[in-house]
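Engineer: I'd like to ask you about the structure that follows.
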Amino acid sequence: MIHRISAYVAGGLAALVLWVVLVYTPMHREKQEIVEATSEIESELQDFHETIATLPGDLTVSDKLEASRSQLHSALYAKEDILRLLDHFTSDASRLGLTTVEISPHISELLQLNRSARDPGEPDFLNLTYTFTGSYIGFGEFLNHLEQEPYFRGINSCQVNGTADSAEKSVYSVSFKALLGQVGAAERRSQS
């Protein structure tokens with residue numbers, strides 16, 4: 003009878019060991035993997051919720067940065083136009099035998115152009131005063147050429163200082179209104 007009881011106990015222990023090895027351990031591992039995967043997904047979900055919570059603030063910052071970039075770009079655009087316009091004057095004057103003494107855009111207008119964001123639908127104007135020396139005929143040709151330019155919008159004032167002595171060159175000063183963005187516009191359109 004003891005053998006029988008021992009056999010039943012041994013059989014029961016063997017069945018228990020087999021059940022633990024074949025059923026319980028794999029199920030326990032699978033459950034542990036599911037718990038780990040669930041906790042990883044919960045962590046990702048928490049990160050997602052945090053990202054969603056910060057999204058409106060990020061969009062606001064992005065909009066502010068875009069507005070700032072647009073304003074800086076418009077200021078840069080105006081500066082590039084002014085520099086292109088000044089280079090154009092200097093080369094035209096040189097070609098006509100005139101020597102540049104001074105080119106002076108009005109400071110208040112430059113500051114206003116720098117402060118304001120450029121509206122693509124509205125043109126930017128700039129009043130310029132251009133002083134140079136040379137012959138009277140070169141001056142006349144320069145004015146004639148200036149009046150034909152697409153950026154030219156009218157003369158504000160014109161001054162001629164000189165003597166009757168033709169050996170001494172006269173000093174000419176022209177103040178006029180210019181439309182920015184017109185110098186080289188045809189070339190930029192053809193490159194686009």
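Numbering (my numbering), first residue to last: 3 to 194. The beta-carbon is built from N, C-alpha and C at its ideal position, and this holds for glycine as well. Remember, it's a predicted structure, so these values are computed and weren't measured experimentally.
1. Going by the beta-carbon positions, is the gap between Phe154 and Phe178 smaller than 8 Å?
2. Specify, as a first and last residue, the run of the alpha helix (DSSP H) that Leu15 falls within.
3. Give me whichever residues DSSP pairs with Leu24 in a beta bridge.
4. How would you write the range of the alpha helix (DSSP H) that Gly140 sits in, first residue to last?
5. Can you name the residues that DSSP bridges to Pro107?
6. Could you tell me which of Tyr10, Ile105 and Val19 sits nearest to Ser175, measuring between CA atoms?
7. Quick one: what does DSSP say Leu57 is sitting in, helix, strand or coil?
8. Within 10 angstroms of the Cβ of Thr135, are there 16 or more other Cβ atoms? Answer buried if so, exposed if not.
9. Which same chain residues, not among the five before or five after Glu52, have their C-beta less than 7 Å away from its C-beta?
10. If you draw a straight line from the alpha carbon of Pro144 to that of Leu98, how long is it in whole angstroms?
11. Run the CB neighbour count on Phe50, radius 10 Å, all protein chains shown included, and call it buried at 16 or more, exposed below.
12. Would Ala12 be called buried (16 or more neighbouring beta carbons within 10 Å of its own) or exposed?
13. DSSP beta-bridge partners for Val37?
14. Quick one: using the 10 Å Cβ neighbour count with 16 as the cut-off for buried, is Ile84 buried or exposed?
15. Please state the DSSP three-state secondary structure of Thr101.
16. Taking the beta strand (DSSP E) that Gly156 falls in, what are its first and last residues?
17. Going along the chain, which residues of its own chain have a beta-carbon closer than 8 Å to the beta-carbon of Gln193, five neighbours each way excluded?
Structural biologist: With the structure as the only source:
1. yes
2. Ile4 to Trp21
3. Under DSSP, Leu24 forms no beta bridge with any residue.
4. Tyr138 to Gln150
5. Leu130
6. Ile105
7. helix
8. Buried.
9. none
10. In the sequence as presented, Pro is not what sits at residue 144; that position holds Phe. For Phe144 and Leu98, the distance between alpha carbons rounds to 7 Å.
11. exposed
12. That one is exposed.
13. DSSP, once it has assigned bridges, lists no residue as partnering Val37.
14. buried
15. strand
16. Phe154 to Asn163
17. Confidence at Gln193 is low in this model, with a pLDDT of 44, below 50, so the placement of that residue should be treated as unreliable; the coordinate-derived value is given next. If we look at Gln193 and ignore the five residues flanking it on each side, it has no Cβ neighbours.
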